[in-house]
Structure formats: C-alpha cells, structure tokens
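Report on the following structure.
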Amino acid sequence: MYTFRCLNNISGVGLKHFTGDYKQVGESDKSDAILVRSAKLNDMEFDSDLKCIARAGAGVNNIPLDRCAEQGIVVFNTPGANANGVKELVIAGMLLASRDIIGGIEWLEQQENTDDLAKRVEKQKKQYAGCEIAGKKLGIIGLGAIGVMVANAAVSLGMEVYGYDPYVSLHAAWNLSSQIKYVKDLDEIYSTCDFITIHVPLNDGTRGMISADGFTKMKDGVVLLNFARNGLVDEDALVEALKSGKVKKYVTDFVTPKIEGIPNTIITPHLGASTKESEDNCAVMAVREVRDYLENGNIKNSVNYPACDMGVCTTAGRVAINHRNEPNLLAQLTGVLGEAGINVANVFNKSRGAYAYTLIDTDTELTDEIAAKLSAINDVLKVRIVK
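Structure below.
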C-alpha cells in the first residue's frame with residue numbers, strides 16, 4: 000500500500016487515477032508522495048519515507064529542489080498541462096491592452112439608466128477606441144509548451160509572429176507554425192515587435208532579464224505581457240518605461256507593490272492556470288508521474304533528477320537508487336549485487352548536475368539485506384526495492 004498526501008486542493012479528476020493500492024493520509028502524516036500546488040515547502044522538514052513530490056503546475060519555486068535531491072526525493076512538475084489555459088489568458092491580455100474594454104465597461108457601470116443612455120454611449124465610445132491586433136508584430140520570448148501555443152494562436156489571429164528561444168526543443172520546433180519567424184537575437188524582438196510576451200522559467204539566469212537596457216531597445220508604445228513568472232521583469236525599469244510612454248501597457252498575472260496602481264498596467268490575480276480544465280490536467284499528469292515512479296521506478300518530468308524509462312519490470316527484481324554524481328559509484332552498486340550472486344539483467348544510470356539515478360533489473364528477487372548494503376555505500380542517498 001502506497002500513501003500520499005495533498006498540501007493543496009488537488010482536482011478529484013486527477014486523484015481518481017490512483018488505484019486501490021494508494022491511500023490518502025493527513026497533511027502532517029508520513030507518506031510516500033506529496034501532491035502540491037502553491038503551498039510553500041521551502042522550510043518544511045521531509046521525513047525519510049518521502050520518495051517524491053509532484054507539483055500540479057509548472058513552477059517549482061515553492062519547493063527546495065537541491066535539498067530534495069540531497070535527500071533522494073524526486074520532484075516532478077507538469078509542463079504543458081495548463082498551457083492552453085495560460086495561452087487563452089495571454090490572448091485576452093493582448094485584446095484588453097489593444098482596446099480599452101475595461102475602461103468602457105467601468106464608465107458604463109457608472110451611468111444612470113435614463114432614456115438618453117444610448118445617445119451618451121455613442122458620444123462617449125470614441126474615448127475607448129483602440130486598435131486591432133491583426134497585422135501587428137508579436138515577439139515571443141520562450142518557445143516552450145505555452146509559448147508555442149501562443150505563437151500558433153497569434154498566427155491564426157493574423158499577427159506577424161517572431162519567436163526567440165536559444166534552447167528550443169525539437170518537440171517545440173515541430174509544433175511551431177511555419178509562419179513564425181525564428182530569431183536568434185533578442186534585440187530583434189525588442190526593435191521589431193509591437194507586442195512582447197515572456198514565457199521562460201524564473202531562475203538566476205532569467206531574473207530581471209527584461210531590464211532597462213531592454214526597454215531602451217524596444218519600440219515606443221510597445222505592449223509587454225508577463226504571464227510566466229514575477230521577477231522576470233526589472234520593475235524599477237518597468238515603472239520608468241511606463242511613465243515615459245516607452246511601454247504603452249504592461250499586462251501581467253502577478254501583482255506586486257511596485258506596480259499596483261501604476262497607470263497603464265492591467266493586472267489579473269494569478270488566473271493563468273485557474274481553469275477547471277487546467278487543474279484537472281495538472282492533477283492527472285501529477286498522479287501518473289507519482290504512480291510510474293513508485294510502481295516502476297521511472298522518472299518523467301522531474302526537475303531535480305534525470306529522466307528514466309525502463310517500462311514495467313519483467314524480471315525478478317528491480318531496485319531504484321538515488322545518489323550523488325560521483326566516479327565509480329555504478330561499479331560499487333553492481334559489485335554489491337555481484338558479491339551476492341545476483342545477475343544484473345538491465346541497468347539505467349544517468350546524472351543530472353550533482354545528482355544521479357540508477358535503476359537496476361535483476362534475475363533474482365531482491366531483499367532488504369541487499370538494500371541495506373547498497374544504502375551503506377558512500378554518496379548513496381536513497382535505495383528502494385520496486386515491488
């Protein structure tokens with residue numbers, strides 16, 4: 000029997016994918032797996048029974064990845080599961096920035112419902128006139144799951160789309176519309192595009208990447224959209240760009256004290272993935288990742304350990320080993336098995352930065368005694384017999 004706990008409300012559509020071999024326990028109980036959305040785990044102490052954490056969403060800033068890796072805890076996310084929901088909000092953000100829909104609605108709500116209301120509307124509506132997005136140039140920074148969807152949708156809406164991503168994956172490239180202009184220099188996005196939208200993760204390399212220098216290079220009156228992560232935009236530089244008119248509108252899903260109340264900002268309350276479909280999709284993917292890891296030892300969409308897929312075990316035994324990435328460690332692992340007269344039928348070994356993962360199939364059933372000997376090897380962090 001496997002146990003799991005949910006530290007946020009996780010969609011029941013996803014939880015239904017757990018079989019009768021799984022039991023949900025309380026938030027403070029020990030468990031094999033944790034499912035989480037936005038709960039902060041950075042200061043949380045993890046018990047030795049915990050084997051994996053699945054974030055029902057893409058961002059993992061609320062999870063201490065290095066500490067989890069050091070404790071042999073695999074952390075998953077669900078890239079692409081909420082992509083369509085975010086894509087639709089980005090398109091909505093462009094439309095809201097192009098036409099003063101919000102201003103028009105707010106004005107109308109303040110009017111008295113009198114016989115001349117229709118006439119007043121006709122007189123006032125020119126104050127909220129805007130422009131169409133068809134024919135405008137859109138620059139997309141980051142061509143992951145969401146960026147690709149935004150790019151293709153914008154092409155369908157008649158926009159001229161430029162894409163920038165020095166690390167674009169083959170999968171993303173195959174899914175991109177042939178009409179998208181792929182550029183290798185970010186400055187081309189800045190100098191060319193009427194709209195710019197960001198779709199990259201937040202890390203040390205991307206924090207504040209939209210800087211004062213970048214704003215200087217942008218076209219006057221550009222619309223900047225950020226539905227990726229707070230922190231990607233230098234807010235001091237942004238406020239100056241808004242005040243000067245360099246940035247016509249800033250549309251974001253993240254409210255902060257520096258930009259709240261600044262004119263020409265449109266801020267939504269973190270609604271990007273707040274659709275029933277996105278929450279269901281993220282939960283289903285998270286549960287599937289947890290199950291495949293606990294039942295088979297396979298790793299998909301981990302952010303702190305390498306991917307691994309050895310399918311379902313068809314031999315007598317399988318052991319999963321999380322360890323530091325150190326020389327000669329694989330030889331020591333197989334040496335323990337060899338000394339016990341256990342033949343290795345298949346082996347996977349791959350590293351990711353300072354950590355590595357080894358999955359071994361054997362022709363002999365494995366015992367707790369073997370697991371203890373493997374655990375005693377220096378730099379081994381967690382050993383689990385997969386049953």
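Each residue of the sequence shown is one higher than the one before, counting from 0 in numbering that gives the first Met the number 0.
By construction, the Cβ of each residue, glycine as well, lies at the ideal position given by its N, Cα and C atoms.
Own chain residues within Cβ distance below 7 Å of residue i, not counting five before or after
i	result
G71	N321, L380 and K381
G56	R36, N76, T77, N81, A272 and C281
V59	V74, N76 and V302
V167	L142
Of the residues the options, the one placed nearest residue i, counting alpha carbons only
i	options	result
D252	L88, F45, S30 and L64	L88
P78	A227, A133 and I101	A227
D308	N295, V147 and G316	N295
V154	I132, H170 and D164	I132
P165	A152, D184, S177 and L156	D184
K135	R119, F214, S97 and P200	S97
N229	A240, H198 and G244	H198
A315	E121, D362 and I341	D362
A172	M148, I188, D193 and L156	M148
N297	G157, D28, E105 and L358	L358
D378	N327, A117, E338 and Q110	N327
E325	G13, Y292, Y356 and T313	Y356
V85	I145, L224, D193 and A344	I145
M284	L6, L14 and Y1	L14
C130	V311, K216, V222 and T196	V222
Pairwise C-alpha distance: residue j and residue i
i	j	result
V182	G143	15 Å
N41	C67	10 Å
A82	C281	10 Å
N8	L34	9 Å
E26	D186	48 Å
L64	L332	25 Å
R351	I376	20 Å
K372	G19	32 Å
Q123	G102	11 Å
E368	T274	48 Å
K299	S190	39 Å
A53	R206	24 Å
G340	L231	54 Å
S177	E121	42 Å
8 Å Cβ shell around residue i - same chain, five flanking residues per side excluded
i	result
K39	N61
L94	I100 and I132
F3	F17, Y21, K22, Q23, V24, S30, D31, A32, I33, L34 and V289
V238	K257, I258 and I261
M0	D20, Y21 and K22
Limits of the unbroken beta strand (DSSP E) element including residue i
i	result
V167	Segment: none, V167 is in no beta strand (DSSP E) and carries neither H nor E.
T361	Y354 to T361
Y181	K180 to V182
A319	G316 to R323
I369	Not the beta strand (DSSP E): I369 falls in the alpha helix (DSSP H), residues D367 to S374.
D2	The sequence shown places Thr at residue 2, not Asp. Taken as a continuous stretch (DSSP letters only), the beta strand (DSSP E) holding T2 covers Y1 to C5.
I384	V379 to I384
S350	V343 to R351
Same chain, Cβ closer than 6 Å to residue i, neighbours up to 5 away in sequence not counted
i	result
G162	I139, L142, A150, I179 and Y181
E278	S10
Residue interval of the alpha helix (DSSP H) (run including residue i)
i	result
G11	G11 to L14
N295	K275 to N295
K299	Premise fails: K299 is in no alpha helix (DSSP H) and is neither H nor E.
S243	E234 to S243
L336	L328 to E338
L185	L185 to T191
* Asked: Can you list the alpha helix (DSSP H) stretches of 4 or more residues lying completely in the segment 16–89, in chain order?
  -> 64–69
* Whole runs of the beta strand (DSSP E) within the segment 107–155, excluding any shorter than 3 residues -> Inside the segment 107–155, DSSP marks whole beta strand (DSSP E) runs of 3 or more residues at positions 136–140, from first to last along the chain.
* Which ranges does the alpha helix (DSSP H) cover as unbroken runs of at least 4 residues, wholly within the segment 195–268, from first to last along the chain? -> Within the segment 195–268, the complete alpha helix (DSSP H) runs of at least 4 residues are 211–216 and 234–243.
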